[in-house]
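> Here the sequence shown stands for residues 730 to 994, where the numbers follow this note's numbering.
Backbone N, C-alpha and C define an ideal beta-carbon position, used for all residues, glycine too.
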Amino acid sequence: MALRSALLNVMVKAADKAAKSLKRDFGEVEHLQISRKGPADFVSTADMQAQRILREELGKARPNFGFLAEEKDSAPDTSGKSERWIIDPLDGTTNFLHAVPHWAISIAAEREGEVIAGVVYDAAKDEMFVAEKGVGAYLNNKRLRVSSRSDLADCLIATGTPFKGTVARQPRYIEKLATIMSQVSGIRRFGSAALDLAYVAAGRFDGYWEEGLGTHDVAAGILLVKEAGGFVVPVDTTKQPVADGNIIATNQGIHATLVDLLRKA
730 MALRSALLNV MVKAADKAAK SLKRDFGEVE HLQISRKGPA DFVSTADMQA
780 QRILREELGK ARPNFGFLAE EKDSAPDTSG KSERWIIDPL DGTTNFLHAV
830 PHWAISIAAE REGEVIAGVV YDAAKDEMFV AEKGVGAYLN NKRLRVSSRS
880 DLADCLIATG TPFKGTVARQ PRYIEKLATI MSQVSGIRRF GSAALDLAYV
930 AAGRFDGYWE EGLGTHDVAA GILLVKEAGG FVVPVDTTKQ PVADGNIIAT
980 NQGIHATLVD LLRKA
């Protein structure tokens with residue numbers, strides 16, 4: 730990617746600054762002060778500090794933008810603005826707290842309901858995934874394309890499992906999992922939706938599905954997949970991928986088959 734837009738440069742700079750804070754805390758993860766956030770979710774001091782940095786950097790560069798952020802904080806609610814940042818300062822919090830180096834910072838820029846730019850930064854591996862609508866998706870300046878596999882039996886598929894507090898979804902999920910397991914080369918559950926989508930864009934995974942996610946989890950990653958030549962549709966046709974976090978992301982070759990299997994299971 731020879732030249733990034735001014736907007737994307739702002740996003741990359743903010744992600745890099747927040748990552749420095751997170752990497753310091755990741756090195757001393759045992760000493761973090763942790764409080765419960767939800768049924769199966771934890772919020773750490775690292776998470777909140779990274780969000781403060783993102784708000785400061787992005788807000789300074791684009792003061793007219795609103796924010797839709799994962800963590801609840803004391804900032805005024807500006808999520809209803811027509812131009813807004815959608816941020817997840819630490820996607821993969823549980824991995825982070827267990828010293829598993831698979832977590833990311835996710836930033837999306839949305840205008841009039843459409844995501845126009847996205848960044849997913851895997852700071853532990855120094856992999857910066859970026860995408861801009863109509864320009865393409867890139868990893869550390871190298872153009873990304875989804876995989877070309879078309880036989881489901883050769884494919885590696887990622888997913889996310891229902892967690893505590895979502896027991897009602899478990900039986901239906903297990904049916905889908907059993908159906909897909911019997912058809913593919915392998916299934917992976919890595920614990921970061923943003924990186925799962927980035928890996929589909931990079932051709933590392935051939936497909937990915939998950940339900941019950943938040944907009945902040947998926948907004949940037951969905952753009953990555955689309956700009957890398959992939960497809961993103963909902964599992965449940967009454968829902969929307971970005972707004973409802975209801976996702977099937979695939980390459981072109983297995984799209985119809987995987988969608989059909991998941992919707993019928």
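How would you label Glu-956, buried or exposed, when you count the other beta carbons within 10 angstroms and need 16 or more for buried?
Translated into the one-based positions of the sequence shown, residue 956 becomes position 227. Label assigned to Glu-956: buried.
> Does DSSP put Pro-818 in a helix, a strand or coil?
Start at 1 with the first residue of the sequence shown, and residue 818 comes out as number 89. Strand.
> Leaving aside the five residues before and after Val-913 along the sequence, list all residues of the same chain whose C-beta is less than 6 Å from its C-beta, in chain order.
Counting from one through the sequence shown, the residue named residue 913 turns up at place 184. Around Val-913: Leu-881, Cys-884 and Ile-886.
> According to the Cβ coordinates, are Thr-822 and Ser-879 closer than 8 Å?
In the sequence shown, residue 822 corresponds to position 93, counting from 1. In the sequence shown, residue 879 corresponds to position 150, counting from 1. No; because the gap between Cβ atoms is not below 8 Å, this pair is not in contact.
> In whole angstroms, what separates the C-alpha of Ala-897 from that of Ile-903?
Looking up residue 897 in the sequence shown gives position 168. Looking up residue 903 in the sequence shown gives position 174. Answer to the nearest angstrom: the Cα atoms are 11 Å apart.
> Beta strand (DSSP E) containing Phe-858: first to last residue?
Numbered from 1 along the sequence shown, position 129 holds the residue referred to as residue 858. Per DSSP, Phe-858 belongs to the beta strand (DSSP E) from 856–861.
> Report yes if the C-beta distance between Ile-836 and Ala-748 is below 8 Å; otherwise report no.
Locating residue 836 in the sequence shown gives position 107, counting from the first residue. Locating residue 748 in the sequence shown gives position 19, counting from the first residue. No, the Cβ-Cβ distance between Ile-836 and Ala-748 is not below 8 Å.
> When the Cα atoms are used, what is the spatial distance from Glu-686 to Lys-810?
In the structure displayed, the chain extends from 730 to 994; residue 686 sits before or after that span and is not available.
> Please report how far the alpha carbon of Asn-992 lies from the alpha carbon of Thr-986, in whole angstroms.
If you number the sequence shown from 1, residue 992 lands on position 263. If you number the sequence shown from 1, residue 986 lands on position 257. Correcting the residue identity first, residue 992 is Arg in this sequence and not Asn. Cα to Cα, Arg-992 sits roughly 10 Å from Thr-986.
> Kindly indicate which residue of Phe-919, Met-777, Ile-977 and Val-859 has the alpha-carbon position closest to the one of Tyr-937.
The count along the sequence shown starts at 1 and reaches residue 937 at position 208. Tyr-937 has its Cα closest to that of Ile-977, out of Phe-919, Met-777, Ile-977 and Val-859.
> List the endpoints of the continuous alpha helix (DSSP H) containing Thr-774.
Position 45 of the sequence shown, counted from the first residue, corresponds to residue 774. Taken as a continuous stretch (DSSP letters only), the alpha helix (DSSP H) holding Thr-774 covers 774–790.
> Which one or two residues does DSSP pair with Trp-938 in a beta bridge?
Position 209 of the sequence shown, counting from 1, holds the residue named residue 938. Trp-938 is bridged to Thr-888 and Ile-977.
> Could you check where the alpha helix (DSSP H) with Ile-983 kicks off and where it finishes?
For the purposes of this step, residue 983 is taken as residue 254 along the sequence shown, with counting starting at 1. Note, Ile-983: premise wrong, no alpha helix (DSSP H); not H, not E.
> For His-945, does the count of other Cβ atoms within 10 angstroms reach 16, so buried, or fall short, so exposed?
The sequence position of residue 945 within the sequence shown is 216, counting from 1. Flag for His-945 reads buried.
> Whether or not the region 916–934 and the region 845–861 are in contact is what I'm after, with contact meaning three or more pairs of Cβ atoms, one per stretch, closer than 8 Å; do they touch?
yes
> Could you tell me the boundaries of the beta strand (DSSP E) in which Val-962 lies?
Along the sequence shown, one-based indexing puts residue 962 at 233. It spans 960–962 - the beta strand (DSSP E) in which Val-962 sits, taken as one unbroken run.
> Which whole-angstrom value is the C-beta distance of Ala-779 and Leu-819, which I expect to be below 8 Å?
By one-based count along the sequence shown, residue 779 stands at place 50. By one-based count along the sequence shown, residue 819 stands at place 90. With a Cβ gap of about 6 Å, Ala-779 and Leu-819 count as contacting.
> Asp-851 by DSSP, collapsed to three states: which one?
Position 122 of the sequence shown holds residue 851. Strand, per DSSP.
> Select from Ala-743, Ile-951, Lys-746 and Gln-981 the residue whose C-alpha is nearest the C-alpha of Ala-866.
As a first step, residue 866 must be located in the sequence shown, where it is residue number 137. Looking at the Cα atoms, Ile-951 is the closest of the given residues.
> Who are the near neighbours of Val-739 in its chain, counting only those whose CB is closer than 6 Å to its CB and skipping five residues on each side?
As a position in the sequence shown, residue 739 is number 10, starting the count at 1. Same-chain partners within the cutoff: Ala-790.
> Kindly identify the DSSP beta-bridge partner or partners of Arg-917.
Within the sequence shown, the letter at position 188 stands for residue 917. DSSP, once it has assigned bridges, lists Ala-887 as partnering Arg-917.
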